[in-house]
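Since the structure comes first, as structure tokens, the remarks are kept for the end.
There are 2 protein chains.
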Amino acid sequence: MATTPPGSPAGSGQQGAHQGAHPHPAPRHPRLDPLADRYAARTHGMKTSEIRALFSVVSRPEVVSLAGGMPAVTALPLDAVGSMIGDLVSGMGAQTLQYGSGQGDPRLRERICDVMALEGITDASPSEVVVTVGSQQGLDLVTRVFVDPGDVILAEAPSYVGALGVFQSAEARVRHVAMDDDGLIPEALEEALVACRAAGDRVKFLYTVPNFHNPAGVTLSEPRREAIMAIAERWDLLIIEDNPYGLLGFDREPMRALRARDSQRVIYLGSFSKTFSPGLRVGWVLAPLAVREKLVLATEAQVLCPPSLTQYAVARYLDTQPWREQIKLFTELYRERRDATLESLAALMPAGTTWTRPDGGFYVWLKLPAGLDAKLMQPRAVGAHVAYVPGIGFYADGSGQEYMRLSYCYPEPDQIREGVRRLSRVVEAELDLHSTFDKVDTGTFRAIRPGSGHDAESMVGPANSDTYEDGR
Amino acid sequence: MATTPPGSPAGSGQQGAHQGAHPHPAPRHPRLDPLADRYAARTHGMKTSEIRALFSVVSRPEVVSLAGGMPAVTALPLDAVGSMIGDLVSGMGAQTLQYGSGQGDPRLRERICDVMALEGITDASPSEVVVTVGSQQGLDLVTRVFVDPGDVILAEAPSYVGALGVFQSAEARVRHVAMDDDGLIPEALEEALVACRAAGDRVKFLYTVPNFHNPAGVTLSEPRREAIMAIAERWDLLIIEDNPYGLLGFDREPMRALRARDSQRVIYLGSFSKTFSPGLRVGWVLAPLAVREKLVLATEAQVLCPPSLTQYAVARYLDTQPWREQIKLFTELYRERRDATLESLAALMPAGTTWTRPDGGFYVWLKLPAGLDAKLMQPRAVGAHVAYVPGIGFYADGSGQEYMRLSYCYPEPDQIREGVRRLSRVVEAELDLHSTFDKVDTGTFRAIRPGSGHDAESMVGPANSDTYEDGR
Ligand SMILES: Cc1ncc(COP(=O)(O)O)c(C=O)c1O
Ligand SMILES: Cc1ncc(COP(=O)(O)O)c(C=O)c1O
């Protein structure tokens, strides 16, 4: 991240405001933001993220980063993809370099329907698909279309940090719903709905990542899928199913999407970021026609249309490259890295540390021995040249101190082993510090029911300020 | 635009809602939107745009379209650009296909500062630049950061339709400020500020397109630039300077940007859509550091980061291709088309029709003889195989019926001449219909003071529903 050197024009410009044609007394506090009293309400909740500092650390070669969620794009056939994209521009520049439709390229939307069929969504029509700038934009659009300030969104505890950022910027209140090794807990969902009804809250939707959850690494079991759809039906609940990792399972066929079970009650978000390339920023929303229409209007106001070149690139890739084999190659690579992670953790982590065992996707969710705080431990970890994302970024209510997310998607297995070794020493050193307390917890990742006993804390306005934007 | 054929899966899915595991009585009005009562307040203002129908007309080969604002991208060296982009992917796939920073690629931000220097902005630092998905996203981000529902935005009458869409989706109220052949009228701006102060309105900013205005085709004169900056200083007014066309002047050097006159009071929006390619969707915001920081947080919540590939493509293009010569080539081509437009209009249009004379950019703003309505005339025009954008889309208050926008950027000069010929016959036919009224107005484009005499109408909530999303 570039920051302004003290003597740069930007820096001095800020102190020398009002130097224009019409002199004006210098502001009394030149270092304060002169526009501070003009921002929208939603803007005040935004805080500078600490990831900036972490980023500069993480990019140092001596640091093993288990922090970022960057896919292993170098495993792609770069020459083939490069000449494919070059040909698209040379041969179809009139289309690929021009404005396109707000809803997205029709050919790409057809191919997206083929991709979704792999997860049991066989009734989707290209007319129900809106192409977005990554599924991040899809989530932002859905939130804009449905959520007024103060509305409640139900979301797993923990939840994808990028989703919490969207919800915060919509001034929504997030109520976390407990999950365990089998994903979201249906009873906890129903309890949350009961509590919201009692409180008179407007619940706009449930946001859920059913497959290979970010950050928890767990997957919603088949019986729970049925149970959750039944609850949604009973409570007339809208579900946002965010599924960037569904095709990245290590051991079995993809599970049947929630959307495949109800085409009207589930809005589905998909992405090519993890199965092809995140740098193209191509994702999509599948929604009932009436909602799709609103989404198109919202995206037109936001970006006019998604980039044409990247859409053509994805469509051509799906048309001409062996993309299913490529996904297989990716999952084999990620499986190997997952194995390296789990084996090292088992071999090296001190007693009392527990973690989830993902069978797909990018992430392991680790719980520290009782008394340790992943955020407070971070400086020591950085000093030991290993990086992770502290758990608090994944909660809207400031909880999660005892958790951290480890991403195994990007580093090579050897680096992972070295990273876990360093991490284990850091945890041990912290434990030594805390050795007077002996409350070691030996459980695996179990239902953490946020706010149980102190309900007022379980629902909060803005997402926690210590979010990690790159917690993707 | 793909629409759902009656018997398609989507169509039948909508009627067969609740077919999931848990049967449920079919909704009583299956064709109504079952989620209609759940949308956010901002969503209710959104209406389906009529451009969809217009689009299918416009793309028919027999129609001459003077409606779209699509640049002439085929005038680019497509082979060179294609192999340049192909090489970027083959050689730098690890970067171009990967996530990047939310603020945008540092190298591109440096080159953007070079581009802005051409319009007199010599003190910009790359750290003050945020790369966006077209300048449309830049405007959306700025609006999100500053505007609460009910806040007032001052904007020219007429204004860019895409900006009105952003303001509507932010639930802002737009107050139009009159302009004439020399652009925004300083006295009208001051009157608007006085009126807003009297009414207790919170004016968040002035949105202005100083160069080769979309849709009015006019440019803010040098003395007016000084006058408007003086007013901004006096009233402590923030200005959003939207400048996608500034380098596309036909006759002279680019004018000095408003931002070049005050680095703290002006937020500048730039775009490569008109000087290179809109299909890449690369634009930017230049803002004081404190605002830049908010914009980065907002864009991270919206799209995580702009596409890497398209950013690298633009940076490499600026580094290796003769982009200044290319802009010259574009402007020569557009000048020729402007000439064809103005000459045909002068030769063919019936008395009482007036229009602006742009010396850069894409658009002519045409005023019909008194009594005619561009929107009502549209079916006849489409029947005569010529398309334009009716003026009402460029007003938030439903005015502008007597205006239309003609874009000369895309069709060849011969097509333009044929299009104007058809249009003139349509206007004549309409005049015949209205011949009993003889109130022909012979003025040129002069100050239209919206709402003068009936102030209540001059400020309205949502942008007019008949907006034309592709009115770019
Ligand atoms: C659960 C989840 N949703 C959405 C996203 C956003 O992905 P993208 O915008 O790249 O499609 C991510 C990225 O990591 C994610 O993990
Ligand atoms: C005045 C104005 N602003 C902004 C835009 C948006 O351009 P883009 O998002 O392609 O940069 C346009 C497009 O026509 C425009 O005319």
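From first to last, the protein sequence lines are chains C and S.
Mapping of the first sequence onto the UniProt record's numbering: position 267 corresponds to residue 267, and the numbering continues sequentially without gaps.
Mapping of the second sequence onto the UniProt record's numbering: position 360 corresponds to residue 360, and the numbering continues sequentially without gaps.
Ideal placement from N, C-alpha and C gives every residue a C-beta, glycine not left out.
Where S/E294 falls, given that 16 or more other Cβ within 10 Å makes a residue buried: Just to set this straight, residue 294 of chain S is Lys in the shown sequence, not Glu. With 16 or more other CB atoms across the displayed protein chains lying within 10 angstroms of its CB, S/K294 is buried.
Residue-level contact to chain S via CB, C/G283, 7 Å cutoff: C/G283 does not count as touching chain S.
Beta-carbon proximity check, S/L141 vs S/T310, cutoff 7 Å: No, Cβ-Cβ distance for S/L141 and S/T310 is not below 7 Å.
Chain C contacts from the segment 281-314 of chain S (Cβ-Cβ distance under 8 Å): Contact residues of the segment 281-314 of chain S toward chain C are R281, P288, L289, A290, V291, E293, K294, L297, A298, E300, A301, Q302, V303, L304, C305, P306, P307, S308, L309, T310 and A313 (C-beta to C-beta distance below 8 Å).
is_contact[S/G279, chain C] using C-beta, thresh 7 Å: Yes, contact with chain C.
Members of the segment 85-116 of chain C near chain S, C-beta cut-off 8 Å: For the segment 85-116 of chain C, the set of residues with a beta-carbon nearer than 8 Å to any beta-carbon of chain S comprises I85, G86, D87, L88, V89, S90, G91, G93, A94, Q95, T96, L97, Q98, Y99, G100, S101, G102, Q103, P106 and R109, in chain order.
Cβ of S/S169 within 7 Å of any chain C Cβ: True, the Cβ-Cβ gap to chain C drops below 7 Å.
Backbone CA spacing between C/A117 and C/G138 [nearest angstrom]: Rounded to the nearest angstrom, the two C-alpha atoms are 19 Å apart.
S/T74: contacting residues in chain C (beta-carbon distance under 7 Å): Close to S/T74, with beta-carbon spacing below 7 Å, are these residues of chain C in chain order: G93 and A94.
Reduced DSSP category for C/E119 - H, G, I as helix; E, B as strand; rest coil: Residue state for C/E119 is assigned as coil, using DSSP reduced to three classes.
Where residue 548 of chain C meets chain S, residues with beta-carbon distance less than 8 Å: Residue 548 of chain C lies beyond the residue range present for chain C, which begins at 1 and ends at 472; the question has no answer from this structure.
C-alpha distance - C/S273 paired with C/T74, whole-angstrom precision: When rounded, the separation of the alpha-carbon atoms in C/S273 and C/T74 is 13 Å.
Closest by C-alpha distance to C/G82, when choosing among S/M70, S/Q95, S/P77 and S/E171: The shortest Cα separation from C/G82 among S/M70, S/Q95, S/P77 and S/E171 belongs to S/Q95.
Contacts around C/R449, its chain only, beta-carbon distance under 7 Å, and the 5 residues preceding and following it disregarded: Model confidence at C/R449 stands at a pLDDT of 42, short of 50, so the residue's coordinates are unreliable; what they give is reported in the following sentence. Taken in chain order, the residues that qualify are A178 and A188.
From C/A315, C/R380 and C/K328, residue whose alpha carbon lies closest to that of C/R107: Ranking C/A315, C/R380 and C/K328 by CA distance to the CA of C/R107 puts C/A315 first.
Distance cut-off 6 Å: S/S271 Cβ against heavy atoms of ligand 2: Distances taken from the Cβ of S/S271 to the heavy atoms of ligand 2 include one shorter than 6 Å.
Residue-chain proximity (S/A429, chain C), Cβ-Cβ < 7 Å: In terms of beta-carbon proximity, S/A429 stays away from the interface with chain C, with every pair separated by 7 Å or more.
Integer-rounded CB distance, given that S/E171 should sit under 8 Å from S/H385: The distance from the Cβ of S/H385 to that of S/E171 is about 39 Å, inconsistent with a contact at the 8 Å cut-off.
Any chain C beta carbon closer than 7 Å to S/R38: At a cut-off of 7 Å between beta carbons, S/R38 contacts chain C.
Which residues DSSP lists as bridging S/E241, in chain order: Answer by DSSP bridge pairing, in chain order: S/T208 and S/Y268.
Beta-carbon gap between residue 480 of chain S and S/S407 smaller than 7 Å: Because chain S here runs from 1 to 472, residue 480 of chain S falls outside it and cannot be looked at.
Bridge-paired residues (DSSP) for C/L184: Under the DSSP definition of a beta bridge, C/L184 partners with C/M179.
Buried/exposed call for C/R109, threshold 16 Cβ in 10 Å: It counts as buried.
Cα-Cα separation, S/S169 to C/P288: One alpha carbon belongs to S/S169, the other to C/P288, and they sit about 21 Å apart.
Unbroken stretches of the alpha helix (DSSP H), 4 residues or longer, contained in the segment 369-441 of chain S: Look at the segment 369-441 of chain S and you find these whole runs of alpha helix (DSSP H), each 4 residues long or longer: 374-383 and 413-433.
Same chain, Cβ closer than 7 Å to C/P25, five either side skipped, listed in chain order: Because the pLDDT of C/P25 is 43, which lies under 50, any placement of that residue in the model is unreliable, and the question is left without a value.
C/S135 Cβ short of 6 Å to ligand 1 heavy atom set: Result yes, Cβ under 6 Å from ligand 1.
Residues that residue 474 of chain C contacts on chain S, provided the C-beta gap is smaller than 7 Å: Shown here, chain C extends from 1 to 472; a query on residue 474 of chain C therefore has no answer.
Beta-carbon proximity list for S/L247, same chain, < 7 Å, skipping 5 on both sides: If we look at S/L247 and ignore the five residues flanking it on each side, its Cβ neighbours are L118, P254, T275 and I327.
Partner residues on chain C for S/P34, Cβ-Cβ distance less than 7 Å: Per Cβ cutoff of 7 Å: Q264.
Reduced DSSP category for C/V166 - H, G, I as helix; E, B as strand; rest coil: When DSSP states are grouped into helix, strand and coil, C/V166 belongs to the helix group.
S/G82 - containing beta strand (DSSP E), residue span: Premise fails: S/G82 lies in the alpha helix (DSSP H), L78 to T96, not in any beta strand (DSSP E).
Under 7 Å from the C-beta of S/T43: neighbouring residues of chain C: Under the 7 Å cutoff, chain C gives V145 and K294.
Where C/R173 falls: helix, strand or coil (DSSP): It is a strand residue.
Alpha-carbon to alpha-carbon, S/E430 and S/V440: Note that S/V440 scores a pLDDT of 49, beneath 50, so its modelled location is shaky; the value from the coordinates is reported in the next line. Each residue's Cα considered, the two are about 13 Å apart.
C/N214 CB to nearest heavy atom of ligand 2 below 6 Å: Because no heavy atom of ligand 2 lies under 6 Å away, the Cβ of C/N214 does not count as near it: no.
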